[in-house]
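Here's the structure, in structure tokens; my notes come after.
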Amino acid sequence: CVRTFKWEQIRNSQVVAAQKGAQSKRSESTIHLNVYIPKRMVFSPRFFAPAMANRLAASLFRPKHFPSTLACAARLYPVASFHTTSPAHLSAKDVHIAATADSVRKAVEELKEGGSFKVSVDEYFKALEKHGVTKKDDKFDSLYHLHRSGAILHFHNAKDGMKDTVFLRPDEVMKSFMEAVDVSGEKMQAALDKVKGDLEAVKKELDQLFSVKNKLDRSAKLQANVVLSGGFLFVVAQWLLMARLTWWEFSWDIMEPITFFVTSATGIVGYTFFLATKQDFEYGNIFEVVARRKMRKLYAKHNFDYDHFKHLLEDKKEMEREVRRLQKRIAENTFGQAKHE
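At position 57 of the sequence shown the residue is numbered 57 (the UniProt record's numbering), and the sequence of numbers has no breaks.
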């Protein structure tokens with residue numbers, strides 16, 4: 001189709017355009033237009049919105065005067081020279097659209113050649129003005145259509161500073177977005193492996209600390225049993241003493257007030273225990289309080305860092321929650337990809 005295309009044939013075919021039986025000749029002006037129109041700009045939405053591209057293509061490539069071979073104009077090289085004497089099919093508006101498109105293309109390419117990843121809207125408009133695009137509507141239309149086509153990115157509805165930014169390299173923006181979203185799941189898997197490694201190290205250290213702590217705890221509980229056994233012996237000795245004084249040394253008339261005060265002292269001791277520990281005065285609570293005190297002494301004596309031990313326990317729980325969360329996300333991502341495929 002391209003091989004049969006000749007501009008000379010186009011000019012000659014215009015002679016046939018005159019209507020039969022016309023009494024007067026039409027006054028026709030000559031328009032010579034040299035426009036750089038890449039085929040992708042006309043037939044691809046990357047540089048024009050579909051409506052604009054269709055209008056331009058219909059105006060330049062499908063007039064009734066032109067041969068049907070122009071339907072294959074999408075295969076031509078980007079540069080074309082048009083010479084026509086039919087202003088009815090190449091209006092001033094069409095010329096303006098084509099010229100504006102070429103200026104926008106040059107401005108965008110110049111900005112990209114500068115190595116910029118993004119520019120401000122003002123800088124983008126200045127680049128357009130440099131290439132002859134001065135109308136405000138044309139500037140904003142180019143932003144809108146180029147954004148929709150994917151040639152650039154401009155989020156005019158954004159609430160933050162992005163609405164004043166034009167991204168010149170959408171591919172790099174998409175690449176960064178894909179890396180941030182981690183569609184492939186590689187980052188999540190790497191994070192999962194790292195958390196698992198840290199968790200194993202924490203578990204190993206905790207195993208060693210648990211071994212030392214269990215020995216110290218057993219020793220502390222043994223000492224607490226000794227203390228409570230001493231308390232039991234004290235109560236038995238007190239009972240024997242009261243019996244001796246009541247039946248052998250003195251009479252009940254003398255020992256009765258003494259036993260009253262001794263019994264009252266037990267209540268005072270219990271109340272003091274509650275104020276100190278905020279626990280009921282019971283044998284189980286007494287044992288726990290004594291055992292904890294013995295443990296603290298043994299920890300300090302053997303340089304066992306109990307605070308570090310508690311911190312490791314909290315880290316272990318947090319890492320286990322993180323492992324479960326990452327495993328769930330990876331499973332959901334894998335299931336979603338499989339369902340999509």
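Note that beta-carbon positions come from the ideal geometry of N, C-alpha and C, so glycine has one too.
Quantities reported herein were computed from a predicted structural model and do not represent experimental measurements.
Cβ-Cβ distance between residue i and residue j below 8 Å
| i | j | result |
| --- | --- | --- |
| M295 | V202 | no |
| V104 | S142 | yes |
| K316 | L233 | no |
| F281 | F287 | no |
| I152 | V108 | yes |
| V290 | T277 | no |
| T246 | M255 | yes |
| L206 | L298 | no |
| T100 | D138 | yes |
| M188 | R329 | yes |
| K175 | F309 | no |
Sequence-distant residues of the same chain with beta carbon closer than 7 Å to residue i, five excluded per side
| i | result |
| --- | --- |
| T259 | M242 |
| residue 413 | Limits of the chain in this structure are 1 at one end and 341 at the other, which puts residue 413 out of reach. |
| K106 | H131 |
| S264 | none |
| S219 | L298 |
| Q208 | none |
| D164 | S120 and V121 |
Residue i, buried or exposed, once every other Cβ within 10 Å from all chains shown has been counted against 16
| i | result |
| --- | --- |
| F117 | exposed |
| Y124 | buried |
| V166 | buried |
| V133 | buried |
| D253 | exposed |
| L240 | exposed |
| I268 | exposed |
| H102 | The sequence given here places Asp at residue 102; His does not occur at that position. The residue in question, D102, is buried, as its Cβ has 16 or more Cβ neighbours within 10 Å. |
| L128 | buried |
| A158 | exposed |
| A331 | exposed |
| K237 | The sequence shown places Ala at residue 237, not Lys. Answer is exposed; the Cβ neighbour count stays below 16. |
| S68 | Only weak support is given to the placement of S68: the predicted model assigns it a pLDDT of 35, under 50, and the question is left unresolved by the model. |
Nearest candidate by alpha-carbon position, reference residue i, set the options
| i | options | result |
| --- | --- | --- |
| A300 | K316, F140, W252 and D217 | D217 |
| E110 | A101, A99, H131 and D122 | H131 |
| K196 | L326, N333 and T263 | L326 |
| E172 | K187, G115, N214 and Q189 | G115 |
| F210 | D305, M188 and P257 | D305 |
| V283 | F261, L275, H308 and V227 | Looking at the sequence itself, residue 283 is Tyr, so the reference to Val does not match. Taking only the C-alpha atoms, the option nearest Y283 is V227. |
| Q223 | R293, N333 and K126 | R293 |
| V235 | V262, N225 and K204 | V262 |
Where the alpha helix (DSSP H) through residue i begins and ends
| i | result |
| --- | --- |
| V133 | Counting along the chain, V133 falls outside any alpha helix (DSSP H), and DSSP gives it neither H nor E. |
| T277 | W252 to T277 |
| A300 | Y283 to K301 |
| N214 | E186 to R244 |
Same chain, Cβ closer than 8 Å to residue i, neighbours up to 5 away in sequence not counted
| i | result |
| --- | --- |
| L168 | V108, L111, K112, S116, F117, K118, V119 and I152 |
| R321 | none |
| A191 | L326 |
| M162 | F155 |
| H302 | V212 and L216 |
Residue i at chain D interface by Cβ criterion, 8 Å
| i | result |
| --- | --- |
| V289 | Chain labels in this structure do not include chain D; a single protein chain is all it has. |
Residues of its chain near residue i, where Cβ-Cβ distance is below 6 Å and the 5 sequence neighbours each way are ignored
| i | result |
| --- | --- |
| Q279 | N285 |
| Q23 | With a pLDDT of 37 at Q23, under the threshold of 50, the modelled position of that residue is not reliable, and no figure is offered here. |
| G270 | F281 |
| K170 | According to the sequence displayed, residue 170 carries Pro and not Lys. So the qualifying residues of the chain are G150 and L153. |
| K221 | A291 |
Residue span of the beta strand (DSSP E) that contains residue i, given as start and end
| i | result |
| --- | --- |
| S120 | K118 to S120 |
| F167 | T165 to F167 |
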